[in-house]
Amino acid sequence: MLTFKALDGLAPPYLCNLLTAITPLRPLLGLLQVPPRNPPLRPCHRTDSGKVFRITLTTLAVTILTPFLGASLLLQCPINPLPLSYKEPPLLTGALEPNLKLRESERLFEGQLVGPESIAHFGDVMFTGTADGQILKIQDGQIYSVARIGKLPCGTREDEPTCGRPLGIRVGPNGTLYVADAYYGIFKVNPLTGEVEMLVSTQKVIKGRRMAFVNDLTVTRDGRMIYFTDSSSKWQRRDNRYLVMEGTADGRLIEYDTLTKQLEVLMDDLRFANGVQLSPAEDYLLISETTMARIRRYHTSGLRKGGQDIFFDNLPGFPDNIRPSSSGGYWVGMAILRPNPGFSMVDFLAPRPWLKKLIFKLFSQEMTMKFVPKYGLVLELDEDGSVRRSLHDPHGVVVPSVSEAHEHEGYLYLGSYHAPFLCRLDLNKV
C-alpha cells in the first residue's frame with residue numbers, strides 16, 4: 001500500500017512543491033491509504049532531463065557516425081589524395097569586387113545544345129564542341145552538325161569514352177578547325193566537308209605515358225605548331241573531380257610539329273593542366289594549372305626559350321580556358337569561385353586527405369558538386385598578369401560557371417562544360 005508520506009520525493013517537480021505545501025496536513029491524511037493503481041513513480045531528480053538529453057544526443061551521434069566510421073574502414077576510396085596547401089584566396093575587392101555584369105548576358109540556343117566548352121569563329125560562323133560528341137557550326141541563328149569524332153551512343157557517363165568529348169577548338173589557316181578531343185586526341189576538321197583527320201592519338205606513348213585527358217590547344221598563325229594540354233595520364237575527363245581532389249601532378253604541356261610529326265613534352269608534373277594560349281607575339285604560352293588556382297608561363301622563343309615561371313598565382317577561382325582579349329590581354333574563365341570573404345570547400349579539403357577519402361567513399365562525383373555553389377566569374381588580365389577587370393554573376397543566376405570567354409566583334413561568348421545553352425555578353429554594356 002502506498003501512503004501520501006511515500007510520495008515525498010517522488011514524481012515531477014511540480015508534485016514535489018505540492019507535497020511541501022501540504023506537509024502540515026500529513027498527520028490527518030496519513031490515516032488514508034490508497035491502493036496503488038500505477039507503477040511506482042521515479043524519484044524526483046531535477047537532473048533527469050539533462051541526463052535524458054545527453055543520452056539522446058549520444059545515441060543520435062553514434063547512430064549518425066557509425067555508418068561513416070564503417071564506410072571509412074570497409075569501403076574502397078577511388079582516389080589516393082595528397083595534402084595540398086593554398087594561400088588565402090585574394091580578397092574580392094578593387095578590380096575583383098563582385099558585380100552583376102555577367103547577368104547582362106543573354107542565353108542562346110537554350111535546350112538545343114549541351115556543354116559548349118570552347119568556341120571559335122571564322123568570320124560570322126561560330127564553331128563549338130558539345131557533350132554529345134559533336135562539332136557544331138552555328139550560322140545565321142541555325143545549328144548544323146559538322147562532324148563527330150567518336151561514335152554513338154552518347155549521353156551517359158559510361159558512353160563518354162567512346163562517344164568522345166570535343167573540348168578545345170581553334171580556327172587555323174584557311175578556316176581549318178583544330179579540335180582537342182578528351183578521349184581520342186588532336187584532330188584537324190574540314191568545316192565544309194566534315195572530313196576528320198587524326199593528328200595525335202591518345203594511344204600514342206609519349207615519354208612512357210599515354211594521354212588520358214586531352215584538354216585544350218592553341219595553334220601558331222602559320223599552322224605549323226600545335227601546343228596542347230594533357231590534363232592527366234591517370235584520370236579521364238569524366239573523372240575530373242577526382243583529378244582535382246587527389247591533387248595528381250601528372251599533367252603535361254605538349255608540342256606537336258605538323259611538318260615533322262614530332263611530339264615533345266615541354267612541361268610535366270602539372271596539377272590538372274587545362275587551358276592554353278599563345279601570346280600575341282607567339283613568344284610564350286600561358287597554361288591554366290587548375291588544381292593549384294594559378295596560371296603558368298612557358299617561353300617558346302627568345303633568350304628565355306624553354307624557361308617557365310608563374311604568370312598569375314593565387315587566383316580567386318579555379319581557372320579553365322584562356323583566350324586573348326582585344327586589349328592585348330587575356331580572358332580567363334573560372335570553373336569554381338574561391339570566395340574571400342566566404343568559405344571555399346576545395347581550399348578547406350586540400351590539406352585534409354583523410355576527409356577527402358571519407359567524402360569520396362560515401363558520395364559520387366556528381367553528388368559532391370551539389371555542395372559547390374554556382375558562381376559565374378570571368379577575369380580579364382593584362383599582358384603583365386594583373387587583373388584589369390572582373391565580370392561576375394553571384395549565385396549563377398544567368399551564367400552558372402564559365403569554361404571559356406571568347407571575344408568576337410564586341411561580344412564575349414561564354415562557354416560551359418555542362419550548361420544546356422551558350423551565353424553572349426555585349427561588352428559595350430559593361
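First residue of the sequence shown? That's 1 in the UniProt record's numbering, and the numbers climb one at a time after it.
Note that CB positions come from ideal geometry on N, CA and C, so glycine has one too.
> Assuming Ala273 and Thr220 make a contact with CB atoms under 8 Å, what is their CB distance in whole Å?
Replying inline: For this step, residue 273 is matched to residue 273 along the sequence shown. For this step, residue 220 is matched to residue 220 along the sequence shown. Actually they are not in contact, since the Cβ atoms of Ala273 and Thr220 sit about 19 Å apart, beyond 8 Å.
> Under three-state DSSP, which class holds Gly194?
Replying inline: On the sequence shown, residue 194 is found 194 positions in, with the first residue counted as 1. In this structure, Gly194 counts as coil in the three-state DSSP scheme.
> Between the Cα of Met225 and the Cα atoms of Arg209, Thr162, Asp239, Val200, which residue gives the shortest distance?
Replying inline: Indexing the sequence shown from 1 puts residue 225 at position 225. Checking every option, the nearest Cα to that of Met225 belongs to Val200.
>> Quick check on Met198: buried or exposed, where buried means 16 or more other Cβ atoms within 10 Å of its Cβ?
In response: To locate residue 198, count along the sequence shown from 1; it is residue 198. The residue is exposed, with fewer than 16 neighbouring Cβ atoms inside 10 Å.
>> Count Cβ pairs between the region 184-192 and the region 229-244 that sit closer than 8 Å; are there 3 or more?
In response: Result no; under three Cβ-Cβ pairs closer than 8 Å.
> Cα-Cα, which of Ala182, Ile336, Gly172, Lys204 is closest to Pro191?
Replying inline: Here the question's residue 191 lines up with position 191 in the sequence shown. Cα-wise, what sits closest to Pro191 is Gly172.
> Would a C-beta distance cut-off of 8 Å place Ser403 and Glu158 closer than the cut-off?
Replying inline: If you number the sequence shown from 1, residue 403 lands on position 403. If you number the sequence shown from 1, residue 158 lands on position 158. No. Outside cutoff.
>> Can you check which of these residues, Lys87, Asn99, Ser327, is closest to Gly376 by C-alpha distance?
In response: Counted from its first residue, the sequence shown places residue 376 at position 376. Of the candidates Lys87, Asn99, Ser327, the one whose C-alpha sits nearest the C-alpha of Gly376 is Asn99.
> If you drop the 5 nearest sequence neighbours on each side, which residues of the same chain put their C-beta closer than 6 Å to that of Leu91?
Replying inline: Locating residue 91 in the sequence shown gives position 91, counting from the first residue. If we look at Leu91 and ignore the five residues flanking it on each side, its Cβ neighbours are Asn340.
> Among residues of its own chain, excluding the 5 on either side of Ile135, which ones have a beta-carbon nearer than 8 Å to its beta-carbon?
Replying inline: As a first step, residue 135 is located in the sequence shown; it is residue number 135 there, counting from the start. Same-chain partners within the cutoff: Phe127, Thr128, Gly129, Ser145, Val146, Ala147, Arg148, Ile149, Pro166, Ile169, Leu177, Val179, Val189.
> With a cut-off of 8 Å, do at least 3 Cβ pairs link the region 404-418 to the region 332-351?
Replying inline: yes
> What did DSSP end up calling Leu29 once you bin it into helix, strand or coil?
Replying inline: As a first step, residue 29 is located in the sequence shown; it is residue number 29 there, counting from the start. Any reading at Leu29 must be qualified, since the residue scores a pLDDT of 39, below 50, and its modelled position is unreliable; no value is offered.
> Between Asn321, Gly155, Ala249, which lies nearest to Asn215 when the distance is taken from Cα to Cα?
Replying inline: Numbered from 1 along the sequence shown, position 215 holds the residue referred to as residue 215. Nearest option by C-alpha distance: Asn321.
> Can you tell me where the beta strand (DSSP E) with Cys423 in it begins and where it stops?
Replying inline: Stepping through the sequence shown from its first residue, residue 423 is reached at position 423. Counting along the chain, the beta strand (DSSP E) containing Cys423 begins and ends at 422-426.
>> Need the endpoints of the alpha helix (DSSP H) that Thr368 sits in, please.
In response: Residue numbering aside, residue 368 sits at position 368 when the sequence shown is read from its first letter. First-last of the alpha helix (DSSP H) with Thr368: 365-369.
>> Mapping the DSSP letters down to three states, classify Val219 as helix, strand or coil.
In response: Within the sequence shown, numbered from 1, the residue matching residue 219 stands at position 219. Val219 falls in the strand class under three-state DSSP.
> Near Val430, which residues of its chain fall below 7 Å by C-beta distance, leaving aside the five closest residues on each side in sequence?
Replying inline: Here the question's residue 430 lines up with position 430 in the sequence shown. Closer than 7 Å at Cβ, skipping near neighbours: Lys101, Glu104, Leu391.
> Counting along the chain, where does the beta strand (DSSP E) carrying Trp235 start and finish?
Replying inline: Position 235 of the sequence shown holds residue 235. Counting along the chain, Trp235 falls outside any beta strand (DSSP E), and DSSP gives it neither H nor E.
> On the premise that Leu96 lies in contact with Val387, defined as a C-beta separation below 8 Å, what is that separation, rounded to the nearest angstrom?
Replying inline: The residue you call residue 387 lines up with position 387 of the sequence shown. The residue you call residue 96 lines up with position 96 of the sequence shown. Confirmed, about 6 Å.
> Which residues share a DSSP beta bridge with Val52?
Replying inline: For the purposes of this step, residue 52 is taken as the residue at position 52 of the sequence shown. DSSP lists no partner for Val52.
> Is Gly302 helix, strand or coil when you go by DSSP?
Replying inline: On the sequence shown, residue 302 is found 302 positions in, with the first residue counted as 1. Residue state, collapsed to three classes: coil.
>> Runs of 3 residues minimum, wholly inside the region 267-348: which ones carry the beta strand (DSSP E) assignment?
In response: Complete beta strand (DSSP E) runs here, min 3: 273-278, 284-289, 294-299, 308-312, 317-324, 330-337.
> In terms of residues, what are the limits of the beta strand (DSSP E) holding Lys357?
Replying inline: Here residue 357 refers to the residue found at position 357 when the sequence shown is read from its first residue. Here Lys357 belongs to no beta strand (DSSP E); instead the alpha helix (DSSP H) covers 353-362.
>> What would DSSP say about Arg241, mapped onto helix, strand or coil?
In response: Within the sequence shown, numbered from 1, the residue matching residue 241 stands at position 241. In the structure shown, Arg241 sits in a helix (DSSP, three-state: H, G or I).
> Going by other Cβ atoms of all chains shown within 10 Å of its Cβ, with 16 needed for buried, is Arg26 buried or exposed?
Replying inline: As a first step, residue 26 is located in the sequence shown; it is residue number 26 there, counting from the start. For Arg26, the predicted model reports a pLDDT of 47, less than 50, meaning its position is unreliable; a value from the coordinates is still stated below. Arg26 should be labelled exposed.
> Going by DSSP, what residues sit across from Gln142 in a beta bridge?
Replying inline: Taking the first residue of the sequence shown as position 1, residue 142 is located at position 142. DSSP output for Gln142 lists Gln139 as bridge partner(s).
> Out of Leu379, Val205, Arg107, which has the shortest C-alpha to C-alpha gap to Gly252?
Replying inline: The residue labelled residue 252 in the question sits at position 252 within the sequence shown. The question names Gly, but residue 252 is Arg in the sequence shown. Closest option to Arg252, judged by alpha-carbon separation, among Leu379, Val205, Arg107: Val205.
> Quick one: what does DSSP say Gly94 is sitting in, helix, strand or coil?
Replying inline: Residue mapping note: residue 94 aligns to position 94 of the sequence shown, counting from 1. Helix, per DSSP.
>> Bridge partners for Lys188 per DSSP, in chain order?
In response: As a working note, residue 188 is residue 188 in the sequence shown. Checking the DSSP bridge columns, you'll see Lys188 partnered with Tyr178, Glu197.
> Going by DSSP, what residues sit across from Leu414 in a beta bridge?
Replying inline: Locating residue 414 in the sequence shown gives position 414, where the first residue counts as 1. Partner(s): Ala405, Cys423.
> Rounded to a whole number of angstroms, what is the C-alpha to C-alpha distance between Leu84 and Ala419?
Replying inline: For the purposes of this step, residue 84 is taken as residue 84 along the sequence shown, with counting starting at 1. For the purposes of this step, residue 419 is taken as residue 419 along the sequence shown, with counting starting at 1. The alpha-carbon atoms of Leu84 and Ala419 are separated by roughly 30 Å.
> Alpha carbon to alpha carbon, how far is Gly342 from Leu412?
Replying inline: Within the sequence shown, the letter at position 342 stands for residue 342. Within the sequence shown, the letter at position 412 stands for residue 412. Going by the C-alpha atoms only, they are around 28 Å apart.
> Which residues mark the beginning and the end of the beta strand (DSSP E) in which Glu255 is found?
Replying inline: On the sequence shown, position 255 is the one that residue 255 refers to. It spans 251-257 - the beta strand (DSSP E) in which Glu255 sits, taken as one unbroken run.
>> Measuring only the C-alpha atoms, how far is Tyr298 from Leu270?
In response: Taking the first residue of the sequence shown as position 1, residue 298 is located at position 298. Taking the first residue of the sequence shown as position 1, residue 270 is located at position 270. Taking the straight line from one Cα to the other gives about 12 Å.
> Buried or exposed: which applies to Asn240, given that a residue is buried once 16 or more other Cβ atoms fall within 10 Å of its Cβ?
Replying inline: As a first step, residue 240 must be located in the sequence shown, where it is residue number 240. Per the 10 Å Cβ criterion, buried.
> How is Ala120 classed by DSSP in three states: helix, strand or coil?
Replying inline: Numbered from 1 along the sequence shown, position 120 holds the residue referred to as residue 120. In the three-state reduction of the DSSP assignment, Ala120 falls in the strand class.
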